[in-house]
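A.B. asks:
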Amino acid sequence: MQIAVTGGSGKLGRTVVQSLRDEGHEVINLDRYGERGTFTRVDLTDYGQVVDAIAGVDDRHSGIDAIVHLGAIPAPGLASDVATFHNNMLSTFNVFQAAKRLGIRRIVYASSETVLGLPFETPPPYIPVDEEYAARPESTYSLVKHLEEQLAIELVRWDPELSITALRFSNVMDPDDYAAFPSFDADATMRKWNLWGYIDGRDGAQAVSRALEKALPGFERFIIAAADTVMSRPNAELVAEVFPGVPVRGELGEHDTMLSIDKARRMLGFEPRHSWRDEVTDAAASVD
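Under UniProt numbering, the first residue of the sequence shown carries the number 1, and numbering increases by one thereafter.
(1) Apart from the five residues on each side of it in sequence, which residues of its chain come closer than 8 Å, Cβ to Cβ, to leucine 70?
(2) Checking 9 Å against the spacing of the C-beta atoms, do phenylalanine 243 and lysine 192 come in under that value?
(3) For alanine 135, does the count of other Cβ atoms within 10 angstroms reach 16, so buried, or fall short, so exposed?
(4) Considering only DSSP beta bridges, list what threonine 84 is partnered with.
(5) When the Cα atoms are used, what is the spatial distance from proline 124 to valine 95?
(6) Between which two residues does the beta strand (DSSP E) harbouring serine 163 extend?
(7) Going by the CB atoms, is the gap between alanine 226 and serine 183 shorter than 9 Å?
(8) Quick check on the DSSP output: the alpha helix (DSSP H) that includes histidine 146 runs from which residue to which?
(9) By the 10 Å Cβ neighbour count, where 16 or more other Cβ atoms means buried, how is alanine 283 classified, buried or exposed?
(10) Quick one: what's histidine 69 bridged to in DSSP?
(11) Would you mind sorting proline 128 into buried or exposed? The rule is 16 or more other CB atoms within 10 Å of its CB.
(12) Indicate the three-state DSSP secondary structure (helix, strand or coil) for methionine 173 in the structure shown.
(13) Leaving out the 5 sequence neighbours to the left and right, which residues in its chain are closer than 8 Å to isoleucine 73 when beta-carbon positions are compared?
(14) Got a sec? Which residues, its chain only, sit under 7 Å from valine 172 by beta carbon, not counting five neighbours each side?
(15) Based on the DSSP secondary-structure assignment, which residues constitute the bridge partners of leucine 259?
(16) Whole angstroms are fine: how far does the CA of alanine 186 sit from the CA of alanine 66?
(17) If you count every other CB in all the chains shown that lies within 10 Å of the CB of threonine 257, and 16 or more means buried, which is it?
(18) Verify whether the separation of the beta carbon atoms of residue 292 and histidine 255 is less than 9 Å.
(19) Using the Cα positions of leucine 238 and arginine 157, report the straight-line distance between them to the nearest angstrom.
(20) Please state whether DSSP places phenylalanine 120 in a helix, a strand or coil.
(21) Closer than 7 Å by C-beta to leucine 90: which residues in its own chain qualify, once you throw out the five before and the five after it? Chain order, please.
(22) Here's a check: name, in chain order, each residue in its chain whose Cβ is nearer than 8 Å to the Cβ of leucine 151, leaving out the five neighbours to either side.
(23) Looking at the strands, I want to know which residues DSSP matches up with threonine 189.
(24) Do alanine 166 and glutamate 220 have their beta-carbon atoms positioned less than 9 Å apart in this structure?
(25) Using alpha carbons as the reference points, say which of Val144, Leu116, Ala236, Phe120 lies closest to isoleucine 224.
(26) Please classify valine 42: does DSSP put it in a helix, a strand, or coil?
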């Protein structure tokens, strides 16, 4: 496929672009900065630029089959609330609308775990959390992510052939980030804000690939997280200490993710291959 990736120069985007290219896809990166050749500089808040880039600037490509939309201010607090809302909401509308106008029927985009109620100052309704309860945005950033999902729902209603998949990514990590993970055990509250979750960027890229492959008309949302938590401490101990009284559904497992990826496993065939535990163990062994 020929795939346009917005935000392909970002932390997750770089890994997604490389992974898709390794799979044999032709990928163009649409972002504010990047490398020459397969990169087009685009301000995603400018609809004209978005349409032009996707349609083919100077015939840079022969047509786009799918869009992976990752471009955004990537977390709460990095910009003012107004700037975050304006940039992220307008960018997503422009990308979705341009795709619809240009007849591109396959969109996969980055939603966020934050819609689940992060940072869980109000405890979740149950653990592990999943896609079944209503969104609980607690920041402007997560509010936009919720509104983007609502936008997608309406667009696929207007166009029944359109496929939009929202991937609710957990906190994206690269292997270089894992050395800090053992320090989290000292304070269970340090990472309680997302139920001690994370996603290796390489597995995030796998989820994008699976979603593109499995895309069907309509809208679907999936939590995308690693198979384990960031903690060495057992789940039962963490939940009892930080979220006493919150109902636990099923078996937690000793270190299994508390951001349920059952739906992604079932419908996308997603299966995380990377864990911080392997990386930290490998690093320690190499030092020895």
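We put the beta carbon where it would ideally sit given N, CA and C, even for glycine.
C.D. replies: With the given structure in hand:
(1) Position 70 of the sequence shown, counted from the start, is the residue given in the question as residue 70. Taken in chain order, the residues that qualify are Val5, Thr6, Gly7, Gly8, Gly10, Leu12, Gly13, Val16, Tyr109, Ala110.
(2) Here residue 243 refers to the residue found at position 243 when the sequence shown is read from its first residue. Here residue 192 refers to the residue found at position 192 when the sequence shown is read from its first residue. Yes, the pair counts as a contact, with Cβ atoms nearer than the cut-off.
(3) Reading the sequence shown from its first residue, position 135 is the one you call residue 135. Buried, because 16 or more other Cβ atoms sit within 10 Å of the Cβ of alanine 135.
(4) Along the sequence shown, read from residue 1 onward, the residue named residue 84 stands at position 84. DSSP output for threonine 84 lists no bridge partner at all.
(5) Locating residue 124 in the sequence shown gives position 124, where the first residue counts as 1. Locating residue 95 in the sequence shown gives position 95, where the first residue counts as 1. Each residue's Cα considered, the two are about 32 Å apart.
(6) Within the sequence shown, residue 163 is the residue found at index 163, counting from 1. Under the DSSP assignment, serine 163 falls in the beta strand (DSSP E) whose first and last residues are 163-169.
(7) The sequence position of residue 183 within the sequence shown is 183, counting from 1. The sequence position of residue 226 within the sequence shown is 226, counting from 1. No; because the gap between Cβ atoms is not below 9 Å, this pair is not in contact.
(8) Within the sequence shown, numbered from 1, the residue matching residue 146 stands at position 146. Element bounds for histidine 146: 140-158.
(9) Numbered from 1 along the sequence shown, position 283 holds the residue referred to as residue 283. With a pLDDT of 43 at alanine 283, under the threshold of 50, the modelled position of this residue cannot be trusted; read the value that follows with caution. In summary, alanine 283 is exposed, with fewer than 16 beta-carbon neighbours lying within 10 Å of its beta-carbon over all protein chains present.
(10) Taking the sequence shown and counting its residues from 1, one reaches residue 69 at position 69. DSSP, once it has assigned bridges, lists Thr6, Tyr109 as partnering histidine 69.
(11) To locate residue 128, count along the sequence shown from 1; it is residue 128. Proline 128 is buried by the Cβ-count criterion.
(12) Counting from one through the sequence shown, the residue named residue 173 turns up at place 173. It is a strand residue.
(13) Residue mapping note: residue 73 aligns to position 73 of the sequence shown, counting from 1. Correct list, in chain order: Ala79, Ala83, Thr84, Asn87, Asn88, Tyr141.
(14) Numbered from 1 along the sequence shown, position 172 holds the residue referred to as residue 172. Around valine 172: Lys11, Leu12, Ile199, Gly201, Gly204.
(15) As a working note, residue 259 is residue 259 in the sequence shown. DSSP output for leucine 259 lists Val129 as bridge partner(s).
(16) Locating residue 66 in the sequence shown gives position 66, counting from the first residue. Locating residue 186 in the sequence shown gives position 186, counting from the first residue. Distance from the CA atom of alanine 66 to the CA atom of alanine 186, rounded to whole angstroms, is 44 Å.
(17) Translated into the one-based positions of the sequence shown, residue 257 becomes position 257. Classification for threonine 257: buried.
(18) The structure shown does not extend to residue 292, since the chain is modelled only from 1 through 288, so no value can be given for it.
(19) The residue you call residue 238 lines up with position 238 of the sequence shown. The residue you call residue 157 lines up with position 157 of the sequence shown. Whole-angstrom Cα-Cα distance: 42 Å.
(20) What you label residue 120 is simply residue 120 of the sequence shown in a count that begins at 1. Correct three-state label for phenylalanine 120: coil.
(21) Taking the first residue of the sequence shown as 1, we reach residue 90 at position 90. Excluding residues within five positions, the ones whose Cβ falls inside 7 Å are Thr45.
(22) The residue you call residue 151 lines up with position 151 of the sequence shown. Once the five neighbours on either side are set aside, the close Cβ partners of leucine 151 are Thr92, Phe93, Phe96.
(23) Position 189 of the sequence shown, counted from the first residue, corresponds to residue 189. BP columns for threonine 189 are empty, so no partner.
(24) Within the sequence shown, numbered from 1, the residue matching residue 220 stands at position 220. Within the sequence shown, numbered from 1, the residue matching residue 166 stands at position 166. It is a contact, given that the beta carbons lie within the stated cut-off.
(25) For the purposes of this step, residue 224 is identified with residue 224 of the sequence shown, where counting begins at 1. Nearest C-alpha to isoleucine 224: Leu116.
(26) Counting from one through the sequence shown, the residue named residue 42 turns up at place 42. If DSSP states are grouped into helix, strand and coil, valine 42 belongs with coil.
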